[in-house]
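So the structure is just underneath, and the comments pick up after that.
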Amino acid sequence: MSETSQTALAVKGLRTIVDNPGLLWLDLDDPMSHVLDDLAASYGFHELAIEDCRHHVQLAKLDYYDGYSFILINSTHYTEKPCEVRVREIDAFLGQNYIITVHEGPSRAIDEIQNHLTSNATHVTRPDEVLHAIIDIVVDRYLPTLDHIGDTIDDVEDALLISPEVTHLQTLFELKRGLLQFRRAVASQRELLNMLVRDDTPFIQQDMRIYFRDVYDHVVRAMDMVETYRDLLTGGLDIYLTQMANRTNDIVKGLTILATIMLPLTLVTGYFGMNFEYIPLLKEPNGIWYTTGVLLFITISMLAFFKHKKWL
Amino acid sequence: MSETSQTALAVKGLRTIVDNPGLLWLDLDDPMSHVLDDLAASYGFHELAIEDCRHHVQLAKLDYYDGYSFILINSTHYTEKPCEVRVREIDAFLGQNYIITVHEGPSRAIDEIQNHLTSNATHVTRPDEVLHAIIDIVVDRYLPTLDHIGDTIDDVEDALLISPEVTHLQTLFELKRGLLQFRRAVASQRELLNMLVRDDTPFIQQDMRIYFRDVYDHVVRAMDMVETYRDLLTGGLDIYLTQMANRTNDIVKGLTILATIMLPLTLVTGYFGMNFEYIPLLKEPNGIWYTTGVLLFITISMLAFFKHKKWL
Amino acid sequence: MSETSQTALAVKGLRTIVDNPGLLWLDLDDPMSHVLDDLAASYGFHELAIEDCRHHVQLAKLDYYDGYSFILINSTHYTEKPCEVRVREIDAFLGQNYIITVHEGPSRAIDEIQNHLTSNATHVTRPDEVLHAIIDIVVDRYLPTLDHIGDTIDDVEDALLISPEVTHLQTLFELKRGLLQFRRAVASQRELLNMLVRDDTPFIQQDMRIYFRDVYDHVVRAMDMVETYRDLLTGGLDIYLTQMANRTNDIVKGLTILATIMLPLTLVTGYFGMNFEYIPLLKEPNGIWYTTGVLLFITISMLAFFKHKKWL
Amino acid sequence: MSETSQTALAVKGLRTIVDNPGLLWLDLDDPMSHVLDDLAASYGFHELAIEDCRHHVQLAKLDYYDGYSFILINSTHYTEKPCEVRVREIDAFLGQNYIITVHEGPSRAIDEIQNHLTSNATHVTRPDEVLHAIIDIVVDRYLPTLDHIGDTIDDVEDALLISPEVTHLQTLFELKRGLLQFRRAVASQRELLNMLVRDDTPFIQQDMRIYFRDVYDHVVRAMDMVETYRDLLTGGLDIYLTQMANRTNDIVKGLTILATIMLPLTLVTGYFGMNFEYIPLLKEPNGIWYTTGVLLFITISMLAFFKHKKWL
Amino acid sequence: MSETSQTALAVKGLRTIVDNPGLLWLDLDDPMSHVLDDLAASYGFHELAIEDCRHHVQLAKLDYYDGYSFILINSTHYTEKPCEVRVREIDAFLGQNYIITVHEGPSRAIDEIQNHLTSNATHVTRPDEVLHAIIDIVVDRYLPTLDHIGDTIDDVEDALLISPEVTHLQTLFELKRGLLQFRRAVASQRELLNMLVRDDTPFIQQDMRIYFRDVYDHVVRAMDMVETYRDLLTGGLDIYLTQMANRTNDIVKGLTILATIMLPLTLVTGYFGMNFEYIPLLKEPNGIWYTTGVLLFITISMLAFFKHKKWL
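Chains as they are written, first to last, in the working numbering: chain A, 1 to 312; chain B, 313 to 624; chain C, 625 to 936; chain D, 937 to 1248; chain E, 1249 to 1560.
Structure follows, in structure tokens:
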């Protein structure tokens, strides 16, 4: 492809990030734009790959075509309140000496790499290095997300052991949904990296394998943590349920203590409230005091009994 | 097979959708009809394949025979109230230059393709292209179905967090059953596509593999969503159970609050209702007001106590 | 083996079902009989295979020996009340031109095939055709059994959603046990058929493979339905538990409503039952009516309150 | 190894069970004894194998060394009250023409084989036959153990459906632990047998494979039953929980019935216990009977109402 | 690498544990130190391996590089109160005739080996022997940790069957988290050992394989126990929940017994407390005693009834 046609493509939404001999990196932030059609025509991209760019967010994958590979990467974005994991998609066409990235709206990962390039913090000379840089940044963002989720789970579990609230329950279910979405993205990314590491992937040179393997290790670790957190979330729900059972228990216990004290007292007052002509003690001047004493005695002995049974 | 015999077959229920050199597409909408026997005789179809067409709906599969392949495709139909997924079956005999599709009653998928052909929206020249078109349309219908199910789950979960109703429970169980049926159909379809993609399937040309792989990706994604939804459904049931526990808790709490206020008040009235000759305050003109004051004090202090314990 | 010795074997319990050149089918309905020892001696069957015939019902399997194969088939028998799946065993020795079937007591499957042969509905010329006929009939009986179980689960779930009874619970657990037994038999049968389809099984000719594959498909489908039903059974238990929780809730709610109405009324009557010299209203001629009015007002406003809270 | 050194080894704890040309079977019942060191030195056993003999009970395994194989077999011992499965270990060194078995204390399996040999019930001429005899006896003991466990589960489930007791719960958890221990032993034994059947195991001759395969089938069946029983145990716990829910329901129901009858009656007596100057009926001679009638009417109609609602 | 440069490296944090021809073992206890950079430069270690040393604790793994292997080992440290499993990391660079171990802070495992070397309890001559010694010591520590956890589970389960306390619940959840962490470390260690045993791992000589296989067996056993304990923990939670249900049951039962006795008694006193002009028994001198007798009779017969129903 000649310099001219490249310039021709440098239209709205299309950036040329790197343009060296051996590496041309084009970036397009609007998959719906006709620029993508032009690119497809120039480079001979398959209609299915173009469709994948334009459809809703899909799972990470790697498809081989004649003369290029199509790589779909999932980036994840975590928001804390409410806990939600949104998954986005970065598409990359990887050729012998070019890489074309497509994404909807600005991509933090690609902007970050561009900044690194500008400040000479990173240096890329081949398309597979660019691909690695993108995937590396995307995967590096998993860990803080997972740490955040882990911390939230810990906080909720600790809070649940003190007092179970419906809001905690809600947080647990939000986290569960979030982890499910996260897991889908990470699982497909793992498959993608597995292919990049193992297969004789075209356009990935041998010496980059070790770097992709490193990213693969991080993804495996992230996946592992996701499973652990899912287990912990189930545990959190168990805590909630057992704590609710505890609470019901305590309330019913309180009711029972009250009834056990009050009902006998009420019976005594009812007894002396009957209208019999003769009831013992009624005519005695101190009868009321004797009775009051009995009432107090019942109350105190009941309380002592519950104290003894450790209900109080 | 000569032109004549083809015309002879064009009887009740049998349509010739495409009849070009290189592609004959016959469609039969009644597997029980004797036409199928005639076709079997003309083309030499195996009795087992014919049986599979005629029996109850079965799981998707791909059988290789001499000179043709037999493909059983599952299409799914979703109805919302009650949530139900019905699975239907489209059978296809795929030969070198013909495809014969068989289904019970009209098939929306095949009608749709015919419309596309009529309106020149699609163009097919080979039997494997027809097969791809059918499977593609069938699989494309998974996603809206799943989105519907996902939305229903979200709605039910949100409703459950506000107030748990038995009807929600019923919807959850309907969805569960629906997903189980859906999953069976999708799982077997995935196996079918896996064979179409990987094997050296006869009558599928090399350049169609990439298209079948694309459909395969969609099925994998659908399967993945089914699993996610099953997880969410279990979560929905957990929400229901915990909300029911919450509610019982609240009711028992209400009962306990009431009893804790009422029983002491009743004891006081019982105390002054006893028929002792002498009970303090009884003879005093303001005794009733003092007592009423005590009753109000008990009530208010109890309410304050529960307010303090955040039960109110 | 000569004709003579075959006749000699035609003793008690041993039937010669088919005796053509190329196919001798002997059937023995008593594995304990010494006839089996005689057969073992004549045909050189291994002691382990003979032991397998004589022991308790075992799981389906296929063992290769020199000059013959030993095949153990599981047939299933379903009784509805109580739901029970009994598993029985048909053993077959499959040689080059003979098949010997052994089973305890009469076997419905084998009697059915004999009837078909007599009425010319079936036609067998080779040992592997006999084997296929037996397994086919045995497997064909799975589907009605599963349909029965499925219908029972549906009935119980519907009944549970209306009113949970302990008898439903019992049916669920019977079904669960039945499915576990059924699953074991079907799973081992699937393995058996897998071997018959894939391996270069001796004494199974190439053209029979396609028929065994067809049976295999049916077994896979049955297995799939078993898993679905197990899921549904778990769901049934969940329905029971949630319905019980609902019911407890309703009862406690009823108690709370009653107490909430009755306790305040009792307090009012207790108030005017106190023996103070002066209590307002007591001396008024209409005092009782005012009080009665208050009691009615409390009752009605409480009922209205619960109506408003949708507890009634 | 010469005859002399063998005799020299025949010291405390070491028995020579068989000493024929082609088979020497030594048995040692104290792995800690220095005799084992002497054996190791004479036969050249690896220190790791000796360590495995001496350490705590381990999982079954098969290790190949130069000139011999080391086989670790797990035997299981079941005690019924409390339900417990103890796992023991028999170690075997299998060489070309010798087998040396090591175990702590007397082994019922080995004593039984020795008795059979003495009474000529069994006949062994090769080391692999001895190995088969030991594993066969050990595995044969699985089935009665499992039948016992199965019967206990059935008994407990039946008892639970009649009345749930904490002791049943305890038995369920004992069984669960026992099955877990049993499963570990059986699973590793299965792996061991799998190796004996499939691999080109040294010192196991071809014609013994079929016998080991037979034992393997038994172990697979045992494993299968263990899984089924685990499922049933979980079911047992579910029965317990649902029955407890039922019982709480019944108790709360009883309380509600009582309160629903008593509270209105108490209200009536409270009404006529008020001290108003004028209350209807009070002055009438038959007032008390009218009132008593009302009380009875309330009681009876309430009972009828509960009868109608099938609560009684 | 010359003697001189080795001495030059012997700076802060770097120890030369063994320095023989054929084996140089360097140990560094501060991965952040610049010494590691110097080592990396001298030996040509890859930047990714150095990064793995310096980052947070990671999962065990084995990476092959040109001229050396990088091995990451997880050691586990168990604290009892609260039950916690901390995972630490020992990194090893394994070359032809050297091994360099890196860890943060002092490592008990490496100190122990050094002590053994000093006291001649162990003898190492090759790098792979050092690696084995480290992994062996690390894995040997699993068993006491697991035994501790197993004992704690047993204690908690026994305590739960006597009386369920929230602290037990807390211990169960701590154990669950601890086991999850432990399992992650052990699982990755198992993969690591699997590679050391099976692959043609460079720098591991053939005769060490058997020793690594032995360690592998121990790790498999540990993994197996972890799974068993996870099952038991779930069982513990089930015990807690069922015991809570039991307890609620008992409390509600107590309340019901009390109410069943008290409410009828209160009704009787209310009956005779009504102000009718004529109520039977009121004017009789012994009326109060008759009534008291009735009250006692009700109490006693109720108690007898509950005794009969085994509620007391």
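We put the CB at the ideal spot given by N, CA and C, even for glycine.
Tell me whether His1351(E) sits in a helix, a strand or coil according to DSSP, three-state version. One-based indexing of the fifth sequence puts residue 1351(E) at position 103. Under the three-state reduction of DSSP output, His1351(E) falls in the strand class.
Output the distance between the C-alpha atoms of Gly1223(D) and Phe1524(E), rounded to the nearest integer angstrom. To locate residue 1223(D), count along the fourth sequence from 1; it is residue 287. To locate residue 1524(E), count along the fifth sequence from 1; it is residue 276. Across the structure, Gly1223(D) and Phe1524(E) are spaced so that their CA atoms are roughly 7 Å apart.
Mind checking Glu675(C): buried by the 16 CB within 10 Å criterion, or exposed? Here the question's residue 675(C) lines up with position 51 in the third sequence. It is exposed - the Cβ of Glu675(C) has fewer than 16 other Cβ atoms within 10 Å.
If you measure from the beta carbon of Ala121(A) to each beta carbon in chain E, is any gap under 9 Å? Position 121 of the first sequence holds residue 121(A). No, Ala121(A) lies away from the interface with chain E (no Cβ there is under 9 Å from its Cβ).
Pull up the DSSP beta-bridge partners for Glu1025(D), would you. As a working note, residue 1025(D) is residue 89 in the fourth sequence. Answer is Asn1010(D), bridged to Glu1025(D).
Where Tyr523(B) falls, given that 16 or more other Cβ within 10 Å makes a residue buried: One-based indexing of the second sequence puts residue 523(B) at position 211. The residue is buried, with at least 16 neighbouring Cβ atoms inside 10 Å.
Could you compute how far the alpha carbon of Arg951(D) sits from the alpha carbon of Thr1058(D)? Taking the first residue of the fourth sequence as position 1, residue 951(D) is located at position 15. Taking the first residue of the fourth sequence as position 1, residue 1058(D) is located at position 122. For Arg951(D) and Thr1058(D), the distance between alpha carbons rounds to 19 Å.
With a floor of 4 residues, list each alpha helix (DSSP H) that falls wholly inside the segment 1261 to 1308 of chain E, ordered by position along the chain. The DSSP assignment places complete alpha helix (DSSP H) segments of no fewer than 4 residues inside the segment 1261 to 1308 of chain E at 1282 to 1291, 1295 to 1302, in order along the chain.
Tell me where the alpha helix (DSSP H) around Arg1149(D) begins and ends. Within the fourth sequence, numbered from 1, the residue matching residue 1149(D) stands at position 213. It spans 1145 to 1208 - the alpha helix (DSSP H) in which Arg1149(D) sits, taken as one unbroken run.
Thinking C-beta only, is Glu815(C) closer than 9 Å to Lys685(C)? Indexing the third sequence from 1 puts residue 685(C) at position 61. Indexing the third sequence from 1 puts residue 815(C) at position 191. Yes. Within cutoff.
Backbone CA spacing between Ile1140(D) and Leu371(B) [nearest angstrom]: On the fourth sequence, position 204 is the one that residue 1140(D) refers to. On the second sequence, position 59 is the one that residue 371(B) refers to. Straight-line Cα distance between these residues: approximately 45 Å.
Mind checking if Arg1461(E) is an interface residue toward chain D, Cβ cutoff 9 Å exclusive? As a first step, residue 1461(E) must be located in the fifth sequence, where it is residue number 213. Interface residue (Cβ-Cβ distance to chain D less than 9 Å): Arg1461(E) is classified as such.
In chain E, which residues lie less than 9 Å from Thr256(A) when you measure between Cβ atoms? In the first sequence, counting from the first residue as 1, residue 256(A) sits at position 256. Result: Ile1499, Val1500, Gly1502, Leu1503, Leu1506.
Distance between Pro655(C) and Phe382(B) (C-alpha atoms, nearest Å): Here residue 382(B) is taken as the residue at index 70 of the second sequence, counted from 1. Here residue 655(C) is taken as the residue at index 31 of the third sequence, counted from 1. For Phe382(B) and Pro655(C), the distance between alpha carbons rounds to 43 Å.
Looking at chain E, is there any beta carbon in it that lies within less than 9 Å of the beta carbon of Gln1117(D)? Counting from one through the fourth sequence, the residue named residue 1117(D) turns up at place 181. Yes, its Cβ sits closer than 9 Å to a Cβ of chain E.
Pop quiz: Val748(C) and Leu647(C) are said to be a contact at Cβ under 8 Å. What is the actual Cβ separation, rounded to whole angstroms? Residue numbering aside, residue 748(C) sits at position 124 when the third sequence is read from its first letter. Residue numbering aside, residue 647(C) sits at position 23 when the third sequence is read from its first letter. Distance from Val748(C) to Leu647(C) at the Cβ level is roughly 7 Å; contact confirmed, criterion being Cβ atoms closer than 8 Å.
Beta-carbon separation (whole angstroms), Asn249(A) vs Ile1499(E), contact threshold 8 Å: Counting from 1 along the first sequence, the entry for residue 249(A) is found at position 249. Counting from 1 along the fifth sequence, the entry for residue 1499(E) is found at position 251. Right, the Cβ-Cβ distance comes to about 7 Å (below 8 Å), so this counts as a contact.
Residue of Asn956(D), Tyr1014(D), His1039(D), Glu983(D) minimising C-alpha distance to His992(D): Translated into the one-based positions of the fourth sequence, residue 992(D) becomes position 56. Among Asn956(D), Tyr1014(D), His1039(D), Glu983(D), the Cα nearest to that of His992(D) belongs to His1039(D).
If we count Cβ pairs, one from each stretch, closer than 8 Å, do we get three or more for the segment 396 to 416 of chain B versus the segment 442 to 462 of chain B? Yes, since at least three Cβ pairs between the segment 396 to 416 of chain B and the segment 442 to 462 of chain B fall closer than 8 Å, the two stretches touch.
Where does Lys283(A) land, buried or exposed, given buried means 16+ other C-beta within 10 angstroms? As a position in the first sequence, residue 283(A) is number 283, starting the count at 1. Lys283(A) is exposed by the Cβ-count criterion.
Starting from the C-beta of Ile610(B), find all residues in its chain whose C-beta is less than 8 Å away, skip the five residues before and the five after it, and write them out in chain order. Start at 1 with the first residue of the second sequence, and residue 610(B) comes out as number 298. Hits under 8 Å: Ile573, Pro576, Leu577, Val580.
Please decide whether Ser785(C) counts as near chain D, where near means a Cβ-Cβ distance under 9 Å. Translated into the one-based positions of the third sequence, residue 785(C) becomes position 161. The residue you asked about is not Ser; residue 785(C) is Leu in the sequence shown. No, because no Cβ of chain D sits closer than 9 Å to the Cβ of Leu785(C).
Drop a sphere of 10 angstroms on the beta-carbon of Val49(A), count the other beta-carbons inside from all chains shown, and report buried for 16 or more, exposed for fewer. By one-based count along the first sequence, residue 49(A) stands at place 49. Just to set this straight, residue 49(A) is Ala in the shown sequence, not Val. Taking all protein chains shown into account, Ala49(A) has 16 or more neighbouring C-beta atoms within 10 Å of its C-beta and is therefore buried.
Is Leu633(C) helix, strand or coil when you go by DSSP? For the purposes of this step, residue 633(C) is taken as the residue at position 9 of the third sequence. The pLDDT assigned to Leu633(C) is 47, lower than 50, so where the model puts this residue is not dependable; a value taken from the coordinates is nonetheless given after this. Note: Leu633(C) maps to helix in three-state DSSP.
Which one of Glu47(A), Gly67(A), Asn115(A) has the shortest CA to CA distance from Val18(A)? Taking the first residue of the first sequence as 1, we reach residue 18(A) at position 18. The residue with the shortest Cα to Cα distance from Val18(A) is Asn115(A).
Pick from Phe1421(E), Val1434(E), Pro1412(E) that is closest to Asp158(A), judged by C-alpha positions: As a working note, residue 158(A) is residue 158 in the first sequence. Relative to the Cα of Asp158(A), the nearest Cα in the group Phe1421(E), Val1434(E), Pro1412(E) belongs to Phe1421(E).
Would you check if there are 3 or more beta carbon pairs closer than 8 Å linking the segment 832 to 846 of chain C to the segment 705 to 712 of chain C? Cβ pair count under 8 Å is below three, so no.
Should the segment 1425 to 1440 of chain E be regarded as contacting the segment 1406 to 1417 of chain E, the criterion being three or more beta carbon pairs within less than 8 Å? Result no; under three Cβ-Cβ pairs closer than 8 Å.
Residues in the same chain with beta-carbon distance under 7 Å from Gly911(D), minus the five sequence neighbours each way, listed in chain order, please. Limits of chain D in this structure are 937 at one end and 1248 at the other, which puts residue 911(D) out of reach.
Do Met537(B) and Leu458(B) have their C-beta atoms closer together than 9 Å? As a position in the second sequence, residue 537(B) is number 225, starting the count at 1. As a position in the second sequence, residue 458(B) is number 146, starting the count at 1. In contact: Met537(B) and Leu458(B) (Cβ atoms closer than 9 Å).
Exposure of Leu232(A), with buried meaning 16 or more beta-carbon neighbours within 10 Å: Position 232 of the first sequence, counted from the first residue, corresponds to residue 232(A). Buried, because 16 or more other Cβ atoms sit within 10 Å of the Cβ of Leu232(A).
Is the shortest distance between the beta-carbon of Pro1221(D) and the beta-carbons of chain E less than 9 Å? For this step, residue 1221(D) is matched to residue 285 along the fourth sequence. Yes, its Cβ sits closer than 9 Å to a Cβ of chain E.
Is the CB-CB distance between Arg177(A) and Gly548(B) below 9 Å? The count along the first sequence starts at 1 and reaches residue 177(A) at position 177. The count along the second sequence starts at 1 and reaches residue 548(B) at position 236. In this structure, Gly548(B) does not lie closer than 9 Å to Arg177(A) by Cβ.
Can you find a C-beta in chain A that's less than 9 Å from the C-beta of Asp1311(E)? On the fifth sequence, position 63 is the one that residue 1311(E) refers to. For Asp1311(E), the answer is yes, since a Cβ of chain A falls inside 9 Å of its Cβ.
What does Phe1554(E) reach in chain D if we use C-beta pairs closer than 7 Å? In the fifth sequence, counting from the first residue as 1, residue 1554(E) sits at position 306. Close to Phe1554(E), with beta-carbon spacing below 7 Å, lies no residue of chain D; the smallest spacing is near 11 Å.
Counting only Cβ pairs nearer than 9 Å, list the residues of chain E close to Lys1017(D). Start at 1 with the first residue of the fourth sequence, and residue 1017(D) comes out as number 81. For Lys1017(D), no chain E residue has a C-beta closer than 9 Å to its own C-beta; the minimum C-beta separation is roughly 16 Å.
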